[in-house]
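Read through the structure below, which is laid out as structure tokens, and then see the notes.
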Amino acid sequence: MTKQLPKVDVVLVGFGWTGAIYAEKLTAAGMEVLALERGPWRDTPTDFATTFAQDELRYYWRHGMFQEASQSTVTFRNNGAQTALPMRHWGSFLPGNGVGGSGVHWNGQTYRFLPSDFVAKSHNEERYGPLPEGMTVQDYGVTYDELEPHFDYFEKICGISGTAGNLRGDIREGGNPFEGPRSDDYPNPPMQMTFSQDRFEASARDMGLNPFPVPSANMSRAYVNPLGMQLAPCTYCGFCEKHGCGNYSKSSPQTTIIPVLMKRENFTLRTDSEVLSVEKSPDDTRTTGVTYVDTSGEEFFQPAEVVVLCAYPLENARLMLLSDIGTPYDPQTGEGVVGKNYCYQVMSGATVFYDEEYTNGFVGAGALGMAVDEYNGDNFDHSGLGFIGGGYIACYTTNARPIESHPVPEGVPGWGSEWKQSVRANFLKTTNVGVHGASMAHRSNYLDLDPTYTDRHGRPLLRMTYDFTLNDRRLTAHLTPVAEEIARGMGGREVNVAERKGSYDSMPYQTTHNTGGTIMGTDPQMSVCNRYCQSWDLHNLFVAGAGLFPQNAGYNPTGTVAALAYWSVAAIIDQYMADPGPLVQA
Amino acid sequence: MKRLALITALCGASLVPAEAQELASSEVERGRYLTQAGDCKACHTDIDNDGIPFAGGRALKTPFGTIYSANLTPDDETGLGRWSREDFYNALNEGIDDEGRHLYPAMPYPYFTLMTRQQTDAIFAYLQSLEPVHVEEEENDLPFPLNIRMSVSGWKLLFFEDEEFVTDPDRSEAWNRGRFLVDGPLHCGGCHTGKNILGASKDDEYLRGGTLENWFAPNIRGGENGGIAHWSEDDIFEFLKYGRAKHTAPMQRMGEVVSISTQFLEGKDLRSVATYLKTLDDTARASEEAPETARMEAGEGLYFDNCAACHVADASGVPYFFAPLSTSNKLHAKDPSTAIRVILGGARAQPTETIPSMLAMPPFAWKLTDAQIADLLTYLRNTGDRQSGAVSAEAVAEMREYLAEEY
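Chains as they are written, first to last, in our numbering: chain A, 6 to 591; chain B, 5 to 411.
Written out as structure tokens, the structure reads:
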């Protein structure tokens with residue numbers, strides 16, 4: 006028997022970055038907000054205290070902060086001809102669990118997408134002609150200029166360390182000359198670079214490129230954000246990705262927003278509460294609330310005026326499919342929208358090995374790096390190249406952790422004493438130049454409900470059908486040699502190139518930048534949400550997160566995820582509350 | 005019915021007219037301010053059990069036993085509902101309740117006695133405006149003869165003086181206001197002044213630091229050789245108002261004081277407190293003997309591995325975030341209780357309206373042995389300009405045991 010609870014103004018499904026952002030703005034506007042989080046409470050001193058946080062065994066190998074695959078996972082296949090099988094151990098990507106979500110174990114690389122990324126279809130078609138058959142790239146329906154104030158605010162909430170490249174149209178030395186115009190500088194100066202970045206910078210400049218410091222949510226100095234939250238200087242301990250920060254040096258929902266929220270009387274958080282479905286009114290025009298289950302197995306119906314899906318993109322798509330909201334995407338006909346345009350990233354790189362010089366990769370931070378953007382988005386002429394999009398090329402000093410990181414040159418066996426000797430010889434003397442490539446949507450890559458496998462509540466798992474496309478392969482073939490050239494200019498003994506070849510493999514870790522499935526756009530026949538991230542089907546249902554991206558840009562997603570959340574919540578407060586209904590007429 | 009309306013009506017018809025020609029609502033407002041300054045809510049709310057504000061029931065552990073705080077809401081049976089202004093004045097001024105019984109000096113009437121009748125009337129008016137709450141009183145847990153309230157009269161005979169605040173005409177208005185606040189409503193000496201064996205403040209220990217419930221409240225004299233001689237008036241103001249200062253942040257008991265009381269006080273008053281504290285000189289402390297080199301080396305290694313990430317390799321800290329340890333008055337205190345306790349149990353900077361972050365230091369009890377903590381503290385207390393003496397492993401063991409029993 007489902008227990009009925011008293012109604013709230015807004016219920017948030019999931020409590021990571023976007024949940025915290027919506028909750029902060031909605032409660033400040035006076036609304037009664039309830040957040041339901043599937044996982045447990047987490048905060049800095051109790052869960053990842055300094056000198057405890059750097060536990061690689063617990064947090065990475067045993068997945069201390071990730072979704073437990075035994076409770077919920079996805080099934081995977083490369084194409085529609087295969088049978089998808091459940092991922093029983095996370096590999097390629099690591100969905101977060103618990104308060105703060107993936108925002109706790111991210112690296113802190115906080116980019117803004119390029120202005121052209123938001124109009125990928127119209128911009129590329131205008132410049133290069135019609136997109137190829139099967140490529141389902143679309144415009145976001147919202148522009149960079151509209152999102153700019155929200156990017157700016159999020160950067161101040163996080164205390165991003167960086168150098169502005171385009172301040173109100175003024176191109177500035179040392180920043181990224183390709184970025185969209187910024188209304189303000191970064192709140193903090195860039196991080197302290199190390200030997201590797203200095204070499205990367207020199208090599209890139211020799212090639213005529215414009216290297217710039219990666220915008221970082223790891224603090225370059227002590228900082229107090231607009232909500233009064235204190236962020237302490239980063240110690241460059243190198244345990245960011247897959248770990249929580251014990252020094253209050255990495256921006257996470259915990260360090261930037263949540264303590265402010267927990268003091269507000271109109272905010273409630275219920276942890277260990279997993280939403281099973283979003284409920285609809287009999288006439289299918291509104292959501293009435295959500296049904297969730299607690300740790301005792303008891304089910305509750307939580308009514309709300311507005312529901313916002315703030316879970317990880319994969320779970321948001323699954324919840325919509327399970328709740329029968331919108332039409333599921335059909336790759337055969339190209340019709341339907343939920344699960345459409347699942348995208349990811351295309352990564353490759355080159356490792357530099359030095360003989361004498363020490364790179365000391367353990368002195369790192371999640372977003373400690375230098376990057377070049379000449380080969381990203383539409384920053385270069387794609388005429389005759391046969392692909393659109395691109396990626397940034399960067400040299401990070403991060404994640405050189407002892408269990409995970411064993412860079413050895415080519416030809417060294419994968420185990421045994423020779424391998425051990427080589428690890429010892431090279432561990433402190435390597436660095437990497439990586440390509441972080443975009444993923445353009447294709448008709449054959451999508452999400453739907455698995456016909457066979459279910460979770461512990463008996464609900465179908467999400468099925469992921471994904472492989473690299475021709476666009477991806479050409480993109481990586483074009484960019485990887487540039488990364489190699491930069492790497493060769495960095496003065497090492499030898500360079501190993503890791504090209505992106507073959508089919509996508511779901512096991513080796515790549516990035517947790519899963520996008521699409523609940524995409525936004527300008528046309529209800531082509532997208533799940535309108536430009537305000539509002540469901541085309543149920544006007545009081547909003548969706549947050551990278552699932553909104555119609556395709557993935559060549560950047561890390563968090564900056565854009567946050568800007569879209571601030572943009573959407575502003576529309577709820579300023580427009581929707583005064584006159585509830587569709588904010589865009591279909 | 006809200007009590008406020010009733011009181012307002014009664015005040016108008018009161019047989020004892022207020023001394024000043026003020027409206028009742030402004031009296032209530034003045035009373036609210038003084039109540040806040042006196043931090044009354046902290047003791048008179050069962051904070052540990054999410055109790056109703058001012059409804060009492062908080063267990064106060066004294067060296068003599070446990071005392072439960074009284075209900076200050078205007079409930080007729082269990083609160084101040086039937087009290088008169090006179091009764092209330094007597095309680096604050098002389099430590100005598102409405103039935104003529106002596107109050108235990110855990111209630112800081114030795115400080116509150118400095119307040120005028122007008123001021124205690126205002127506090128009473130404010131308390132009477134609260135929603136009455138009926139609560140069953142907890143029996144105090146005190147051994148004989150202290151459970152006989154008459155024993156308090158002996159104590160008072162020895163240590164209590166009913167006095168009014170006397171302005172020093174040679175000092176500035178701010179200094180006088182500061183001294184009144186510190187010695188009166190804020191009752192800083194309650195924690196920061198050393199106590200004698202019977203729990204009375206020792207005059208010659210005035211604000212030189214005191215130990216209460218195994219916390220050492222540090223020396224807060226701000227003049228030459230004082231515990232906070234290196235703090236500016238601005239530092240003191242920021243600490244009390246924002247809960248963050250260059251040197252440290254309020255934690256635990258003092259955190260409560262800042263969160264409930266001082267952050268809401270007027271800037272002018274807090275600056276007066278700073279002005280006054282800055283005039284209190286102290287005698288120079290004798291330097292202690294330098295500890296053994298082996299202990300210093302062990303301590304340095306422990307510091308680097310466990311503490312340097314936040315407090316920086318040279319212990320200079322991150323001002324406003326993580327305390328600079330080289331100048332910490334808690335760390336260099338004669339009594340290292342607070343420092344031991346913080347390492348064992350961790351500490352959390354008090355969130356305030358201005359700075360809501362809750363920077364916390366994690367506990368190290370699970371990780372460091374008694375000897376390691378003793379070495380670490382010995383190292384920290386004897387680096388830099390100051391030789392503050394060694395800390396013994398036994399002192400850490402005692403605190404560990406105390407914490408295990410109490411928490």
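Quick reminder that beta carbons are idealized off the backbone N, C-alpha and C, glycines included.
- Boundaries of the beta strand (DSSP E) around residue 310 (chain A): 304-314.
- In the DSSP assignment, residue 69 (chain B) falls within the unbroken beta strand (DSSP E) covering 69-72.
- Residue 49 (chain A) carries a helical assignment under DSSP once its states are collapsed to helix, strand and coil.
- For the pair residue 146 (chain A) and residue 348 (chain A), the CB atoms are not nearer than the 8 Å cut-off.
- Sorting B:391, B:342, B:371 and B:319 by C-alpha distance to the C-alpha of residue 402 (chain B) places B:342 at the top.
- In this structure, residue 438 (chain A) places its C-beta atom within 8 Å of the C-beta atom of residue 354 (chain A).
- Listed in chain order, the alpha helix (DSSP H) elements of length 4 or more contained wholly in the region 90-166 of chain B are 113-116, 121-132 and 154-163.
- DSSP places residue 86 (chain A) in the coil class of the three-state scheme, outside both helix and strand.
- When secondary structure is reduced to three states using DSSP, residue 318 (chain B) falls in the coil class, being assigned neither helix nor strand.
- With respect to chain B, the C-beta atom of residue 54 (chain A) has a partner C-beta closer than 8 Å.
- Counted as a single uninterrupted DSSP element, the alpha helix (DSSP H) harbouring residue 310 (chain B) occupies residues 297-310.
- The alpha carbon of residue 564 (chain A) has as its nearest neighbour, out of A:73, A:219, A:178 and A:244, the alpha carbon of A:219.
- For residue 590 (chain A), no pairing in a beta bridge is given by DSSP.
- Among the residues facing chain A, residue 326 (chain B) is included, as its CB has a counterpart in that chain under 8 Å away.
- Boundaries around residue 345 (chain A) are those of the beta strand (DSSP E), 345-348, since no alpha helix (DSSP H) includes it.
- For residue 34 (chain B), the enclosing alpha helix (DSSP H) stretches over residues 28-41.
- Remark: C-beta atoms of residue 80 (chain A) and residue 458 (chain A) approach each other more closely than 8 Å.
- Between residue 157 (chain A) and residue 188 (chain A), the gap from beta carbon to beta carbon is short of 8 Å.
- By the C-beta density criterion, residue 411 (chain B) is exposed, having fewer than 16 other C-beta atoms within 10 angstroms.
- Where residue 192 (chain A) is concerned, there is no enclosing beta strand (DSSP E), because DSSP gives it neither an H nor an E.
- The C-alpha of residue 17 (chain A) lies about 7 Å from the C-alpha of residue 38 (chain A).
- If you ignore the 5 residues before and after residue 48 (chain A), its C-beta comes within less than 6 Å of the C-beta of 259, all in its own chain and listed in chain order.
- The straight-line gap separating the alpha-carbon atoms of residue 43 (chain A) and residue 67 (chain A) is approximately 19 Å.
- At a Cβ-Cβ threshold of 8 Å, residue 195 (chain B) and residue 214 (chain B) count as neighbours.
- DSSP lists A:306 as the bridge partner or partners of residue 9 (chain A).
- Every alpha helix (DSSP H) stretch that sits fully inside the region 464-543 of chain A and reaches 4 residues is listed by chain position as 475-493.
- Within 8 Å of the CB of residue 358 (chain B), the CB atoms of chain A belong to 233, in sequence order along the chain.
- Taken in chain order, the complete beta strand (DSSP E) segments of 3 or more residues contained in the region 249-290 of chain A are 272-275 and 279-285.
- Under the three-state reduction of DSSP, residue 258 (chain B) is assigned to helix.
- Fully contained in the region 319-393 of chain A are the following beta strand (DSSP E) runs of length 3 or more, in chain order: 345-348, 351-358 and 374-377.
- Residue 24 (chain A) and residue 573 (chain A) have their alpha carbons spaced roughly 12 Å apart.
- Within chain B, the C-beta atoms nearer than 9 Å to that of residue 237 (chain A) come from 314, 322, 325, 326 and 363, in chain order.
- At a beta-carbon threshold of 7 Å, the residues of chain B lying near residue 253 (chain A) are 363, ordered along the chain.
- In the DSSP assignment, residue 453 (chain A) falls outside any alpha helix (DSSP H) and lies within the beta strand (DSSP E) extending over 451-459.
- In this structure, A:266 is the residue among A:290, A:307, A:266 and A:504 with its C-alpha nearest to the C-alpha of residue 27 (chain A).
- Listed in chain order, the alpha helix (DSSP H) runs fully inside the region 394-433 of chain A are 421-431, counting runs of at least 4 residues.
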